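K.L.:
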Amino acid sequence: MISISSNFDSGNIRVISASDAGNIQLEIRNDTQADYFQWFYYRVSGANSTDLKMKITNAGQASYPEGWENYQARASYDKINWFLVPTQFDGNILTIEHQPELNNIFYAYFAPYSYEQHLELIHNLQFSPLCTIETLGKTIEGREIDFVKIGEDADDQKKIWIIARQHPGESMVSWFMEGFINRLVDIDDPVSRSLLNKAVVYSVPFINPDGAIAGNLRANAAGINLNREWGTPDPEKAPEAFHILKKMEETGVDLNLDIHGDEGLPYNFVSSIEGIPSFDTRLKSLLDNFKKNWLLISPDFQVEQGYPINEPGTANLNICSKAIGEKFKCLSMTIEMPFKDNDNLPDPVFGWSPERSVKLGESLVDVIYRIVDDL
3 MISISSNFDS GNIRVISASD AGNIQLEIRN DTQADYFQWF YYRVSGANST
53 DLKMKITNAG QASYPEGWEN YQARASYDKI NWFLVPTQFD GNILTIEHQP
103 ELNNIFYAYF APYSYEQHLE LIHNLQFSPL CTIETLGKTI EGREIDFVKI
153 GEDADDQKKI WIIARQHPGE SMVSWFMEGF INRLVDIDDP VSRSLLNKAV
203 VYSVPFINPD GAIAGNLRAN AAGINLNREW GTPDPEKAPE AFHILKKMEE
253 TGVDLNLDIH GDEGLPYNFV SSIEGIPSFD TRLKSLLDNF KKNWLLISPD
303 FQVEQGYPIN EPGTANLNIC SKAIGEKFKC LSMTIEMPFK DNDNLPDPVF
353 GWSPERSVKL GESLVDVIYR IVDDL
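Residue 42 in my numbering sits at position 40 of the sequence shown, with consecutive numbering throughout.
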């Protein structure tokens, strides 16, 4: 007998009917106190050698229905190795077809990165002499907002901020952060060591654990999209943004990078601050140099595809990268990765994967090192 459940960290699915393996009916439930939905993650038991046809019946009403076009769901037997499974979208229903080789299997929108994995990363980092771990405050549900300082504060050190997982369903960003941070604390890496001679890195690698544990796409436990709260964040409804911004005001910011995933575009790209009032020739030169260097370092990065560039003075100053760029007159960007694949370098077995997210995160160390003197 087939059983389907999502009662675990980051799980999200509602079972309408599972009596017929060839016509399983499912729904994605809404984010906590919000109308967003797209993230799914569930376990199927008792399915060995069974032809499964699983239909997510409300996919057409999801937050980003264009995200289902040319999309393939992920599956894993061990939650470590995630592979693509045949997926079709007809404009209304997302259908996943697969015959598991074992009795128990997980299916997900993207390879999950749990809060427990985050805690493991944080607690391992405290053994590094380069790291200082602090708690900036508490989330809505009382979880710590973990803050990592890498390197030493000094007046002549550049202040680099890298934050991630404002949107809890964008799990690839946690893999990216793991790659970036682990390379940065590698004392045998000459680029990392040289960068930390010039800069101190401040990071909040998992901003929204409440939303992630709940299986949300975009919202925190109060139903708030944190990436629209950076103008004047509410300490009651958006404490995550409030406490991070307070810390930024204490340290200063010379470079801010906010890491995200995009549902629709099958590319890695950046969205920057061309539309903020303070955008000038200095910031344009920094932005151009950043992109030029990442293009040279990683073929997984590109600049042809991305969001429309804001006209001068039209940027939404409640969005993190725009708000921080304007407040601190610094280079500030949103980095986006795909849920689908990188169409410039596609992988028919794994798509855009945790492993490639890690590699892209590692490559960012080289990029920052090349521009740090100009920040």
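Just so it is clear, CB atoms sit at the ideal spot from N, CA and C, and this is done for glycine as well. Computed from a predicted structure; not experimentally measured.
Which two residues bound the contiguous alpha helix (DSSP H) that contains tyrosine 117?
P.N.:
Residue numbering aside, residue 117 sits at position 115 when the sequence shown is read from its first letter. It spans 117 to 127 - the alpha helix (DSSP H) in which tyrosine 117 sits, taken as one unbroken run.
K.L.:
Please state the DSSP three-state secondary structure of tyrosine 111.
P.N.:
Sequence index remark: in the sequence shown, residue 111 carries index 109 (1-based). Tyrosine 111: coil per DSSP, three-state reduction.
K.L.:
Out of Val187, Gln40, Pro67 and Gln90, which one is the CA nearest neighbour of lysine 55?
P.N.:
Stepping through the sequence shown from its first residue, residue 55 is reached at position 53. Comparing Cα-Cα distances from lysine 55 to each of Val187, Gln40, Pro67 and Gln90, the minimum goes to Gln90.
K.L.:
Could you name the residues of the same chain whose beta carbon sits closer than 6 Å to that of histidine 120, not counting the 5 residues immediately before and after it, in chain order?
P.N.:
Taking the first residue of the sequence shown as position 1, residue 120 is located at position 118. Here the set comprises Phe208.
K.L.:
What are the boundary residues of the alpha helix (DSSP H) that isoleucine 215 is part of?
P.N.:
Here residue 215 refers to the residue found at position 213 when the sequence shown is read from its first residue. It spans 211 to 216 - the alpha helix (DSSP H) in which isoleucine 215 sits, taken as one unbroken run.
K.L.:
Let me make sure I understand the geometry here. Which of Glu265, Glu364 and Asn318 has the alpha-carbon closest to that of tyrosine 73?
P.N.:
If you number the sequence shown from 1, residue 73 lands on position 71. Nearest of Glu265, Glu364 and Asn318 to tyrosine 73, Cα basis: Glu265.
K.L.:
Applying the criterion that 16 or more other CB atoms from any shown protein chain within 10 Å of the CB defines a buried residue, is proline 170 buried or exposed?
P.N.:
Taking the sequence shown and counting its residues from 1, one reaches residue 170 at position 168. Looking at its Cβ environment, which holds 16 or more other Cβ atoms inside 10 Å, proline 170 is buried.
K.L.:
What three-state label does DSSP hand alanine 166 in the structure shown?
P.N.:
Taking the first residue of the sequence shown as position 1, residue 166 is located at position 164. DSSP places alanine 166 in strand when its eight states are reduced to three.
K.L.:
Per the contact definition of three or more C-beta pairs closer than 8 Å, is the segment 164 to 180 in contact with the segment 109 to 123?
P.N.:
yes
K.L.:
Taking C-alpha atoms, which residue in Gln35, Leu347, Ile6 and Arg16 lies nearest to aspartate 212?
P.N.:
Counting from one through the sequence shown, the residue named residue 212 turns up at place 210. Comparing Cα positions, the closest option is Gln35.
K.L.:
Roughly how many angstroms lie between the CA atoms of serine 7 and leucine 366, to the nearest whole one?
P.N.:
The count along the sequence shown starts at 1 and reaches residue 7 at position 5. The count along the sequence shown starts at 1 and reaches residue 366 at position 364. Each residue's Cα considered, the two are about 37 Å apart.
K.L.:
Hey, how far is the Cα of glutamine 101 from the Cα of isoleucine 4?
P.N.:
If you number the sequence shown from 1, residue 101 lands on position 99. If you number the sequence shown from 1, residue 4 lands on position 2. Cα-Cα distance, rounded: 13 Å.
K.L.:
When the distance is taken between beta carbons, is lysine 57 closer than 8 Å to isoleucine 26?
P.N.:
Working through the sequence shown from its first residue, we reach residue 26 at position 24. Working through the sequence shown from its first residue, we reach residue 57 at position 55. Yes, these two residues count as a Cβ contact at 8 Å.
K.L.:
Between the Cα of valine 272 and those of Ala317, Leu132, Asp260 and Leu319, spot the shortest distance and give me the residue it belongs to.
P.N.:
As a first step, residue 272 is located in the sequence shown; it is residue number 270 there, counting from the start. Among Ala317, Leu132, Asp260 and Leu319, the Cα nearest to that of valine 272 is on Asp260.
K.L.:
Could you spell out the range, first to last residue, of the alpha helix (DSSP H) harbouring methionine 250?
P.N.:
On the sequence shown, residue 250 is found 248 positions in, with the first residue counted as 1. Its alpha helix (DSSP H) spans residues 241 to 253.
K.L.:
Are the CB atoms of leucine 288 and leucine 197 nearer to each other than 8 Å?
P.N.:
For the purposes of this step, residue 288 is taken as the residue at position 286 of the sequence shown. For the purposes of this step, residue 197 is taken as the residue at position 195 of the sequence shown. No, the Cβ-Cβ distance between leucine 288 and leucine 197 is not below 8 Å.
K.L.:
On the DSSP letters alone, give me the boundaries of the alpha helix (DSSP H) that proline 237 sits inside.
P.N.:
On the sequence shown, position 235 is the one that residue 237 refers to. Where proline 237 is concerned, there is no enclosing alpha helix (DSSP H), given that its DSSP letter is neither H nor E.
K.L.:
Indicate whether serine 359 and phenylalanine 178 have their beta-carbon atoms separated by less than 8 Å.
P.N.:
Position 357 of the sequence shown, counted from the start, is the residue given in the question as residue 359. Position 176 of the sequence shown, counted from the start, is the residue given in the question as residue 178. Going by C-beta atoms, serine 359 is nearer than 8 Å to phenylalanine 178.
K.L.:
Taking the continuous beta strand (DSSP E) assigned at proline 301, which residues delimit it?
P.N.:
Looking up residue 301 in the sequence shown gives position 299. Proline 301 -> no beta strand (DSSP E), and no H or E assigned at all.
K.L.:
Suppose you measure from the CA of glutamate 381 to the CA of alanine 317; what does that come to, to the nearest Å?
P.N.:
Nothing about residue 381 can be read from this structure; the chain reaches only from 3 to 377.
K.L.:
In whole angstroms, what separates the C-alpha of serine 355 from that of serine 47?
P.N.:
Start at 1 with the first residue of the sequence shown, and residue 355 comes out as number 353. Start at 1 with the first residue of the sequence shown, and residue 47 comes out as number 45. Each residue's alpha carbon lies about 24 Å from the other.
K.L.:
The beta strand (DSSP E) spanning tyrosine 204 covers which residue range?
P.N.:
In the sequence shown, counting from the first residue as 1, residue 204 sits at position 202. Looking at the DSSP string, the run of the beta strand (DSSP E) that includes tyrosine 204 is 201 to 206.
K.L.:
Whole angstroms is fine: what's the gap from aspartate 343's alpha carbon to phenylalanine 352's?
P.N.:
For the purposes of this step, residue 343 is taken as the residue at position 341 of the sequence shown. For the purposes of this step, residue 352 is taken as the residue at position 350 of the sequence shown. Per the coordinates, the alpha-carbon of aspartate 343 lies some 8 Å from the alpha-carbon of phenylalanine 352.
K.L.:
Please state whether DSSP places leucine 257 in a helix, a strand or coil.
P.N.:
If you number the sequence shown from 1, residue 257 lands on position 255. Residue state, collapsed to three classes: strand.
K.L.:
Quick one: is serine 323 near chain D, going by C-beta distance under 8 Å?
P.N.:
Although the question refers to chain D, the structure presented lacks it and comprises just one protein chain.
K.L.:
Can you tell which of Ile183, Thr234 and Asn210 has the C-alpha that lies nearest to the C-alpha of isoleucine 321?
P.N.:
Position 319 of the sequence shown holds residue 321. By alpha-carbon distance to isoleucine 321, the top candidate from Ile183, Thr234 and Asn210 is Thr234.
K.L.:
Run the CB neighbour count on tyrosine 109, radius 10 Å, all protein chains shown included, and call it buried at 16 or more, exposed below.
P.N.:
Counting from one through the sequence shown, the residue named residue 109 turns up at place 107. Tyrosine 109 is buried by the Cβ-count criterion.
K.L.:
From asparagine 270 to lysine 324, what distance separates their C-alpha atoms?
P.N.:
Counting from 1 along the sequence shown, the entry for residue 270 is found at position 268. Counting from 1 along the sequence shown, the entry for residue 324 is found at position 322. Distance between the alpha carbons of asparagine 270 and lysine 324 is about 19 Å.
K.L.:
Report the three-state DSSP secondary structure of arginine 16 (helix, strand or coil).
P.N.:
As a first step, residue 16 is located in the sequence shown; it is residue number 14 there, counting from the start. Of the three classes helix, strand and coil, the one that applies to arginine 16 here is strand, per DSSP.
K.L.:
Locate the beta strand (DSSP E) running through aspartate 148, then write down its first and last residues.
P.N.:
Here residue 148 refers to the residue found at position 146 of the sequence shown. Per DSSP, aspartate 148 belongs to the beta strand (DSSP E) from 146 to 152.
K.L.:
Rounded to whole angstroms, what is the Cα-Cα separation between serine 194 and asparagine 291?
P.N.:
Indexing the sequence shown from 1 puts residue 194 at position 192. Indexing the sequence shown from 1 puts residue 291 at position 289. Roughly 19 Å separates the two Cα atoms.
K.L.:
DSSP state of alanine 49, grouped into three classes?
P.N.:
Here the question's residue 49 lines up with position 47 in the sequence shown. Note: alanine 49 maps to coil in three-state DSSP.
K.L.:
Nearest by alpha-carbon distance to glycine 93: which of Lys286, Asn106, Ala75 and Glu68 is it?
P.N.:
Along the sequence shown, one-based indexing puts residue 93 at 91. The candidate whose alpha carbon is nearest that of glycine 93 is Glu68.
K.L.:
Can you tell me which residues form a DSSP beta bridge with aspartate 264?
P.N.:
Position 262 of the sequence shown, counted from the start, is the residue given in the question as residue 264. Its beta-bridge partners are Pro340.
K.L.:
Please state whether DSSP places arginine 31 in a helix, a strand or coil.
P.N.:
Residue numbering aside, residue 31 sits at position 29 when the sequence shown is read from its first letter. Correct three-state label for arginine 31: coil.
K.L.:
State the beta-bridge partners of alanine 75 as determined by DSSP.
P.N.:
Counting from 1 along the sequence shown, the entry for residue 75 is found at position 73. Beta-bridge pairing links alanine 75 to Val87.
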